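The structure appears below as structure tokens.
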């Protein structure tokens, strides 16, 4: 993956954390899980898309 793809994945994971954090009345653990899942999923999709090209 390129650096730009990794940065986009990190930003997406961070945004998922923030949205979950503020909508779940500041629950940290579910927010962290959601952010990590978002980060891993975006990296996985990026690697899979690169293989198809």
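Residue numbers (this note's numbering): 632 to 684.
Virtual Cβ for every residue (Gly too), placed ideally from N, Cα, C.
The structure presented is a predicted model; accordingly, all values stated were derived computationally and were not measured.
Next on the checklist: Using CA atoms only, rank isn't needed, just tell me which of 682, 668, 655, 683 is closest to residue 640.
Outcome noted: 668
Quiz item: Which value, in whole angstroms, describes the spacing of the CA atoms of residue 678 and residue 636?
Solution: 10 Å
Quick one: is residue 670 buried, meaning 16 or more other Cβ sit within 10 Å of its Cβ, or exposed? buried
Exercise. Roughly how many whole angstroms lie between the Cα atoms of residue 674 and residue 647?
Worked result: 14 Å
Quick check: what's the CA-CA separation for residue 653 versus residue 659?
As the crow flies, the alpha-carbon of residue 653 is around 10 Å from that of residue 659.
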